[in-house]
Amino acid sequence: GKVFKGVLVSDFYVGYSPADTPKQKCNAHLIRDLKYIVLAEPQSTAFAQDVITMLLDAKKLADNGQRQEHWIKQAKDKLQELIEQELEEKQEEAIKIRNRLRKHKNEILLFLENPAVPFTNNATERAIRPVVVHR
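Its first residue numbered 8, the sequence shown is counted upward by one per residue in the numbering used here.
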């Protein structure tokens, strides 16, 4: 069969993990999960908002064509700082997200390094929706 040579942009569904190709996680899905934390776990609001801010700041860099190494390093350093953050045991949802970010840290900001990689997979999901709805 043919070998996929692109970047797989997906949500965090575990079925995509074995794919032997560069991956970018859909940041819209991640932001949606973080917004849920703000509602479900108020004690984790600061953590969730910090991650959302980091993601949107990185998107702004990409949108403005600011893909120089020092901007990428700054975004990656902020992500690293967030995933090393200590959270309290009662912050269960935030801990799940933090652990997910740790596991996929190289798949969160790939869009900054490669202009062909989108921030989300929303366009793809919209494109396949009619097919999925009619099956």
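Cβ atoms here follow ideal geometry from the backbone N, Cα and C, with glycine treated the same way.
Here K30 is bridged, per DSSP, to L15. Judged by DSSP in its simplified three-state form, Y43 adopts helix.
DSSP places I79 in the uninterrupted alpha helix (DSSP H) bounded by 76-90. In the assembly as shown, Q31 is a buried residue. Its beta-carbon has 16 or more other beta-carbons within 10 Å. DSSP, read as helix, strand or coil, puts T127 in coil. Taking each of P25, S24, D18, I44 in turn and checking the Cα distance to K103, the smallest one comes out for I44. Minimum Cα-Cα distance from P29 among the listed residues D64, H36, R74, F11 corresponds to F11. When secondary structure is reduced to three states using DSSP, K66 falls in the helix class.
Per DSSP, the continuous alpha helix (DSSP H) segment holding K103 begins and ends at 99-110. In the structure shown, E120 falls within a helical segment according to DSSP collapsed to helix, strand and coil. Taking 9 Å as the cut-off, the beta carbon of F54 is found no closer than this to the beta carbon of H111.
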